[in-house]
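**Q** Residue numbers (the working numbering), protein chains in the order written: chain S, 1 to 110; chain R, 1001 to 1886.
All C-beta atoms in this analysis are idealised placements derived from N, C-alpha and C, irrespective of residue type, glycine included.
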Amino acid sequence: MRMAKKTDLIQGTLDLLILKTVAHGPIHGYGIAQRILVTSKELLQVQQGSLYPALHRLERKGVLKAEWRETGAGPMAKFYTLTAAGRTCLRQEMEQWQRYAGAVAMVLES
Amino acid sequence: MHNEVAHHLHHLAAEYERQGYSREEALRLANREFGGITQVQERCRDERRWVWTTGLRQDIVFGWRMMRRTPVITAAAVISLALGIGANTAIVSLMDRVLWRDLPLPNPRQLTLVHWKGHGYPQELADGASGSMSPAGAWDVADFFSYPAFAQMRKSVSALASVAAFTYPDQVSVSFAGRPTVARERAVSGNFFSSLEVRPQFGRLLSDHDDTYAAPAVAVVSHRFWTRALSSDPNAAGRSIAINNETYLIAGVLEPAFYGLAPGDAAEIYTPLHHASFLHARSGEMQNALENNRYWGMQLVARRATGITESRLEPAMDAAFRATWEKPPTNLAAAPRISLDAGRRGLGILRDDLREPLLVLGGLVTLLLVIACVNIANLLLARANARQKELAMRISLGCGRARLMRQLFTESALLAILGGIAGIGIAWVVATLLGQFVAGHETIAIGFALDWRMMAMISSVAAAALLAFGLFPAWQASRRLDAGPLKHGAGSIGALSRRGWNSGRWFVTFQMALSVILVMTAVIFTRNLAGIQSSDPGFDRRNLILFGTRPGTSGYDKPRLAQFYFRLDQRLRATPGVSAVGLASVRPMDMGGWWEAVQIPGQAKRYDASVNAVTPAYLPLYTSRMIAGRNFDRADLTAPARVAIISEDLARRMGGNGVLGQRLEIVDGRPGAKRPEYDIVGIAPAIAVTSIKERPSALWLPFTGDAPEATVVLRTSQPPQAVLPAIRQAVSDVDRNLPMVDTITMEEQISNGLQRERMFATLCSGFGILALALSVVGLYGVISYSTSRRRGEIGLRLALGAQPRNVVSLILREGLGMAVLGILLGVPFLWLGGKYLQKELTNMKPLDPLSLILALGILLLAALFAAGLPALRASTLDPAETLRQE
């Protein structure tokens, strides 16, 4: 799996991916990175160095909230959940992304 | 935070372990994959908090640490700033209050002072006057009008303006609830307060109904008087108060904001004109002062109606004014005509008096502020030079220019805040000092408070200087992206430091030049004061006590007055410790006095003389001998032949001792009136009579005992304070209800007359010392900085056989060179300033050589001290040590 060819994230999409991932339920940082990797069929690799600053930024903006919880195995972990503002934000970001992706696709396929 | 990353690493490592790596290898790989943990943590921290606040805390903590590492420089910068801000705020606040600020009344721009201008005293129109007249250009401007003129003007311009009258304050004896005190009473027309739109604190103010003979006598008191003499009695309105032994009802108390017609207005009691105390006590012309159009004793103020200009009002008032004259004067072109002046700032009581002194002080504190700013610049540059390596290090480690600027900005701001806070304290101290000086020994309140707007203005000037010079090094350092300064050892002089060092030298030279002026001014004024204080008044000023007594305003009529004075004299003479007692109608050394023009009948030449009516024992209090002729004796006090004693210099001006036995007349302003004539029976030595500053021509007449008030002067055989209780007892024995007014020693009386000089000397010395201290700090800073830069060179010199004294002289030469250059540059300024002072303060000789030598000596000594310390330190360097550091 370390050998797979990975795509760098397009600037600005990290927040969207995090929000979408967190929308499924409380999850910690490592879990977010893993889930993005898995659901993208290992195509999208989140830079660990960007993940945590992004999480903290989203927390400060009030779209994520975090709490420390016991994990099944191992140490305490910080679990992130979406706030009400986060859900609105996710919806808007998704619409925007789809419009954007659709537009790019139309240009490329013309 | 840390846990979150640890948790992530834990999972990553677990993953690698699952793939078959050993535990250590898995941890290593996880760490490698994650990247720089610290960087991530830092970026998270930046995201989590408001960046600038964390940065700010860091900056402040670091700045504080840096400041504590260089406590001398920090303290010097803070003190410089505080002194500059404090002294300037205090002086400018006072200037604002006295010179510029409007009266605290609604629409002050509507207020107009009514004056007239003419040529000299209007002898054809007026017999008596009370007010002031001063030359203004080709004209004389005067402020006095007759009451009929006031009434006429008030009536005829009532559509254009509301005109009110008032008098100069009279000193009166007041008694409230059995406690006697002394206060100043101003008589005002009934519409005075309504014209000015003053409001009462409580009770009511005066109205036209109060201003008639028939109305009961009422008085309004100032808020200050209410607190000081009525013990802030909340029920004061309606209670009675005795003013010069006449009963008045207190109508109300004025609002606290109303300090009078100008800052420094001493009036505390306001009575209607028809119940003015001067109408009661005195005889003759005063009694019908309000009906007599030849007694000009009222001052006028007007509030113009909205939209009425002074030029519109002036002709209307002029016509009304002329209508009250008996007949037009012979020279109509020179006759008085109305001249209106802006009244928004009130009367010029302190303004005229203090304008020049305040402007001079303002100039001096501005110089002080400049010196302080230069000092701050110098200190910051020196420190920045010392920190060059640190700054270069930070830049080469990746610190951004903005971050570096911000750090230095924060440090400067910290200094500014500390300096500002200390400045408030200093401003307060200087303001208190100033308030005392301006108030003098009289209870004049100028209601002087620090002005926060001024403080803000001056602080921003200083803060701007601070920031400019605080940021300059950061800008300079961040432009050099190479690590130039890093390559040099501690002892080298890099290109940057050489430049900074040079600008420091010029700063110090400039400072020295400015200090010359301040130190010189301090020396001049201090010497001036010392000169006046030690000048010989012509008599022994020790063991003399003065006090005033006012039987005439406490119910004594004419026949009883003489009796009272005789008994007082006898009783005081018999008091143990009192060796001599004299009575005089005018208080000596009180700066003003009673002046008359005198002449030998038939001669044209007139002489101005200070007059006093005295008892036979009065002159011997001061001088034991007469130049010629005789002293007064008891018989002179009652004899029909009127006699006089003149001072030696008056006799000389009149033609020598030959005038003894001749007649002398007092030239009175009234035409046709019989001039009082006197036989000159004695010539006394010239002594200081009105002020220690001069010994004017003097004329003494016998004290006839019908004056309503007198000053008693006693010579004691013991220290005055020891005899005072017995004197009080003696006065109380004669009349227990009569207060002793202004009981002080002659030394205090003389000193009270020198308030102005003392204020100047004290403030200028203060500023001079500050300037000197700041310059010494500046010079010391630059010299010690440059010696620290030259440690290597000095070490080398010492190693090659230079003697310590060679090193000392090397450094002293450098320091004194700067000082001498600065002093030389300062002397032309001094010459200009000296000319200005000479113009303003005519009795001083600012550029006398001794003062010059004294001032330059002080400056050179200070420079020697400032350069000497680093020089001595450098000469004791261990050459081996310094060379090893190279």
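Please name the residue in W97(S), E109(S), V63(S), V104(S) whose C-alpha comes closest to that of G12(S).
**A** Counted from its first residue, the first sequence places residue 12(S) at position 12. Comparing Cα-Cα distances from G12(S) to each of W97(S), E109(S), V63(S), V104(S), the minimum goes to W97(S).
**Q** Tell me whether I1444(R) sits in a helix, a strand or coil according to DSSP, three-state version.
**A** In the second sequence, counting from the first residue as 1, residue 1444(R) sits at position 444. For I1444(R), the predicted structure reports a pLDDT of 44, less than 50, and the residue's modelled location is therefore unreliable. A value from the coordinates is still provided. I1444(R): coil per DSSP, three-state reduction.
**Q** Where L1701(R) and L1367(R) are concerned, what is the direct C-alpha to C-alpha distance, given to the nearest angstrom?
**A** Looking up residue 1701(R) in the second sequence gives position 701. Looking up residue 1367(R) in the second sequence gives position 367. So the alpha carbons of these two residues sit roughly 52 Å apart.
**Q** Quick one, which residues of the segment 1406 to 1419 of chain R are near chain S if we go by CB-CB under 8 Å, in chain order?
**A** Here the close residues number zero.
**Q** Answer with buried or exposed for I1524(R), where buried requires no fewer than 16 other C-beta atoms within 10 angstroms of its C-beta.
**A** Translated into positions along the second sequence, residue 1524(R) becomes position 524. Looking at its Cβ environment, which holds 16 or more other Cβ atoms inside 10 Å, I1524(R) is buried.
**Q** Tell me the rounded alpha-carbon separation between I1627(R) and A1698(R).
**A** By 1-based counting over the second sequence, the position of residue 1627(R) is 627. By 1-based counting over the second sequence, the position of residue 1698(R) is 698. Whole-angstrom Cα-Cα distance: 14 Å.
**Q** Which of the three DSSP states, helix, strand or coil, is assigned to P1559(R)?
**A** Against the second sequence, residue 1559(R) aligns to sequence position 559. P1559(R) falls in the helix class under three-state DSSP.
**Q** Just the chain S side, please: which residues come within less than 7 Å of R1043(R) by C-beta, in chain order?
**A** The residue you call residue 1043(R) lines up with position 43 of the second sequence. Those within 7 Å of R1043(R) in chain S are P53.
**Q** Assess, as a yes-or-no matter, whether the segment 1736 to 1747 of chain R is touched by the segment 1162 to 1182 of chain R under the definition of 3 or more beta carbon pairs within less than 8 Å.
**A** The segment 1162 to 1182 of chain R vs the segment 1736 to 1747 of chain R: in contact.
**Q** Report, in whole angstroms, the separation of the C-beta atoms of A1320(R) and P1329(R), which I expect to be a contact under 8 Å.
**A** By one-based count along the second sequence, residue 1320(R) stands at place 320. By one-based count along the second sequence, residue 1329(R) stands at place 329. 17 Å between Cβ atoms; not a contact.
**Q** Starting from W1595(R), trace the alpha helix (DSSP H) both ways and give me its first and last residue.
**A** Translated into the one-based positions of the second sequence, residue 1595(R) becomes position 595. Run containing W1595(R): none in the alpha helix (DSSP H); it sits in the beta strand (DSSP E), 1594 to 1599.
**Q** May I have the straight-line CA-CA distance separating V1221(R) from N1293(R), to the nearest angstrom?
**A** Within the second sequence, numbered from 1, the residue matching residue 1221(R) stands at position 221. Within the second sequence, numbered from 1, the residue matching residue 1293(R) stands at position 293. Taking the straight line joining both Cα atoms gives about 29 Å.
**Q** Report back the beta-carbon spacing between A1266(R) and R1184(R) to the nearest angstrom; my notes put them in contact at under 8 Å.
**A** The residue given as residue 1266(R) occupies position 266 in the second sequence. The residue given as residue 1184(R) occupies position 184 in the second sequence. Confirmed, about 4 Å.
**Q** Count the other CB atoms within 10 Å of the CB of N1245(R); is the residue buried (16 or more) or exposed (fewer)?
**A** Mapped onto the second sequence, residue 1245(R) falls at position 245. With 16 or more Cβ atoms within 10 Å of its Cβ, N1245(R) is classed as buried.
**Q** In chain order, what are the residue ranges of uninterrupted alpha helix (DSSP H) at least 4 long that sit wholly in the segment 1608 to 1648 of chain R?
**A** Here the runs fully enclosed are 1618 to 1622, 1634 to 1638.
**Q** Do you know offhand how far L1160(R)'s Cα is from L1230(R)'s?
**A** Within the second sequence, residue 1160(R) is the residue found at index 160, counting from 1. Within the second sequence, residue 1230(R) is the residue found at index 230, counting from 1. Cα to Cα, the separation comes out at about 39 Å.
**Q** Measuring only between beta-carbons, confirm whether E1017(R) sits less than 7 Å from chain S.
**A** In the second sequence, the residue the question calls residue 1017(R) occupies position 17. No, no contact with chain S.
**Q** Interface residues of chain S around H1007(R) at Cβ under 9 Å?
**A** Walking along the second sequence from the start, residue 1007(R) turns up at place 7. What H1007(R) touches in chain S: H28, G29, Y30, T71, G74, P75, M76, A77, K78.
**Q** Can you give me the C-alpha to C-alpha distance between G1500(R) and N1385(R), rounded to a whole angstrom?
**A** Within the second sequence, residue 1500(R) is the residue found at index 500, counting from 1. Within the second sequence, residue 1385(R) is the residue found at index 385, counting from 1. Below a pLDDT of 50, predicted positions are generally treated as unreliable, and G1500(R), at 46, falls in that range; the measurement from the model is reported next regardless. Each residue's alpha carbon lies about 7 Å from the other.
**Q** Does DSSP classify H28(S) as helix, strand or coil?
**A** By 1-based counting over the first sequence, the position of residue 28(S) is 28. It is a strand residue.
**Q** Helix, strand or coil: which one does DSSP assign to D1096(R)?
**A** For this step, residue 1096(R) is matched to residue 96 along the second sequence. The answer is helix: DSSP assigns D1096(R) an H, G or I state.
**Q** For N1003(R), go through chain S and note every residue whose CB falls closer than 9 Å to its CB, in chain order.
**A** Indexing the second sequence from 1 puts residue 1003(R) at position 3. Residues of chain S passing the Cβ test: W68, P75, M76, A77, K78.
**Q** Along the beta strand (DSSP E) that carries A1580(R), what are the first and last residues, could you check?
**A** Within the second sequence, numbered from 1, the residue matching residue 1580(R) stands at position 580. Taken as a continuous stretch (DSSP letters only), the beta strand (DSSP E) holding A1580(R) covers 1578 to 1584.
**Q** Counting only C-beta atoms, is G1778(R) closer than 7 Å to chain S at any point?
**A** In the second sequence, residue 1778(R) corresponds to position 778, counting from 1. Chain S, which has no Cβ nearer than 7 Å to the Cβ of G1778(R), makes this no.
**Q** Taking the alpha-carbon positions, what's the L1852(R) to F1409(R) distance?
**A** As a first step, residue 1852(R) must be located in the second sequence, where it is residue number 852. As a first step, residue 1409(R) must be located in the second sequence, where it is residue number 409. Approximately 42 Å between the Cα atoms of the pair.
**Q** In the DSSP assignment, the alpha helix (DSSP H) including K1155(R) goes from what residue to what residue?
**A** For the purposes of this step, residue 1155(R) is identified with residue 155 of the second sequence, where counting begins at 1. K1155(R) -> alpha helix (DSSP H) spans 1147 to 1156.
**Q** Is it a yes or a no for the segment 1649 to 1665 of chain R touching the segment 1682 to 1693 of chain R, going by three-plus beta-carbon pairs under 8 Å?
**A** In short, these stretches touch, since the Cβ pair count reaches three.
**Q** Comparing the C-beta of G1020(R) with each C-beta of chain S, is any distance below 7 Å?
**A** As a working mapping, residue 1020(R) is identified with position 20 in the second sequence. No, its Cβ sits nowhere closer than 7 Å to a Cβ of chain S.
**Q** Express the C-alpha separation of R1736(R) and P1180(R) in angstroms, rounding to a whole number.
**A** Along the second sequence, one-based indexing puts residue 1180(R) at 180. Along the second sequence, one-based indexing puts residue 1736(R) at 736. Their Cα atoms are separated by approximately 11 Å.
**Q** Sort D1636(R), F1632(R), G1661(R) by Cα distance to P1601(R) and report the nearest one.
**A** Along the second sequence, read from residue 1 onward, the residue named residue 1601(R) stands at position 601. Residue G1661(R) is the option with its Cα nearest to P1601(R).
**Q** Tell me M1298(R)'s beta-bridge partners as DSSP assigns them.
**A** Here residue 1298(R) refers to the residue found at position 298 when the second sequence is read from its first residue. For M1298(R), which the question treats as bridged, DSSP gives the partners F1145(R).
**Q** G49(S) touches chain R at which residues, Cβ-Cβ below 9 Å?
**A** Along the first sequence, read from residue 1 onward, the residue named residue 49(S) stands at position 49. Near G49(S) (Cβ distances below 9 Å), the residues of chain R are F1034, G1035, G1036, Q1039, V1040, R1043.
**Q** If we cut at 7 Å on Cβ distances, does H1011(R) have a partner in chain S?
**A** Sequence index remark: in the second sequence, residue 1011(R) carries index 11 (1-based). H1011(R) counts as touching chain S.
**Q** Can you list, in chain order, the stretches of the alpha helix (DSSP H) that have 4 or more residues and sit fully within the segment 1714 to 1777 of chain R?
**A** Listed in chain order, the complete alpha helix (DSSP H) runs (minimum 4 residues) inside the segment 1714 to 1777 of chain R are 1720 to 1734, 1746 to 1752.
**Q** Who are the near neighbours of H1115(R) in its chain, counting only those whose CB is closer than 8 Å to its CB and skipping five residues on each side?
**A** One-based indexing of the second sequence puts residue 1115(R) at position 115. Same-chain partners within the cutoff: V1141, A1142, D1143, I1338, S1339, L1340, D1341.
**Q** Just confirm the distance between the C-beta atoms of R1542(R) and I1750(R), as a whole number of angstroms; I'd bet it's less than 8 Å.
**A** As a position in the second sequence, residue 1542(R) is number 542, starting the count at 1. As a position in the second sequence, residue 1750(R) is number 750, starting the count at 1. Their Cβ separation, rounded to whole angstroms, is 11 Å, which puts R1542(R) and I1750(R) out of contact at 8 Å.
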